[in-house]
Every structure is written in C-alpha cells, then in structure tokens.
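Take 0 as the starting number for the sequence shown in numbering that gives the first Met the number 0 and just add one per residue.
Backbone N, C-alpha and C define an ideal beta-carbon position, used for all residues, glycine too.
Remember, predicted model here, so these are calculated numbers, not experimental data.
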Amino acid sequence: MKINVGGVDKVIRIGAGALLLILAATGTLGLWAWIGIVPLATGLMGWCPAYALFGIKTCSAKKE
C-alpha cells in the first residue's frame with residue numbers, strides 16, 4: 000500500500016471520523032454515524048482504497 004492521502008486530507012478525515020464516532024457513541028446521530036470508522040482509519044493509515052481505485056493522490060510527491 001502506497002500512501003495516497005496528504006496532510007490536510009488526513010487532518011480532515013481524522014477530525015470528521017472522530018466527530019462522527021463521538022456523536023454515534025453519545026447517541027446523537029444514531030447508528031449510521033459509526034461509518035466514521037472509515038475516514039478515521041483511512042486518515043490514520045494514510046491510504047484510501049477509493050483513491051487507489053481512481054488514481055487520486057493528495058500527498059506531495061517524494062523526490063528521489
């Protein structure tokens with residue numbers, strides 16, 4: 000797995016995922032909010048399967 004999620008994208012994913020999980024745990028949004036696991040996991044791993052499928056990269060290219 001190559002990293003395909005950049006810095007700002009990671010912060011947004013982790014923040015949104017954590018917020019959804021908190022709201023799900025408190026019962027504010029209901030069961031559907033547990034989907035926050037997905038953006039949280041992809042933000043922490045730095046790899047998104049949908050980005051890989053469509054060839055999208057939000058991280059900067061590393062110089063060799």
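* Can the beta-carbon of isoleucine 13 be found less than 8 Å from the beta-carbon of cysteine 58? -> As a working note, residue 13 is residue 14 in the sequence shown. As a working note, residue 58 is residue 59 in the sequence shown. No, Cβ-Cβ distance for isoleucine 13 and cysteine 58 is not below 8 Å.
* Asked: Roughly how many angstroms lie between the CA atoms of tyrosine 50 and leucine 20, to the nearest whole one?
  -> Indexing the sequence shown from 1 puts residue 50 at position 51. Indexing the sequence shown from 1 puts residue 20 at position 21. Taking the straight line from one Cα to the other gives about 23 Å.
* Express the C-alpha separation of leucine 52 and threonine 25 in angstroms, rounding to a whole number. => Residue mapping note: residue 25 aligns to position 26 of the sequence shown, counting from 1. Residue mapping note: residue 52 aligns to position 53 of the sequence shown, counting from 1. Looking at the backbone, the Cα of threonine 25 and that of leucine 52 are separated by about 34 Å.
* Kindly indicate which residue of Trp46, Cys47, Ala32 has the alpha-carbon position closest to the one of leucine 18. => Here residue 18 corresponds to residue number 19 of the sequence shown, with the count starting at 1. Ranked by how close their Cα comes to the Cα of leucine 18, the residues Trp46, Cys47, Ala32 have Ala32 in first place.
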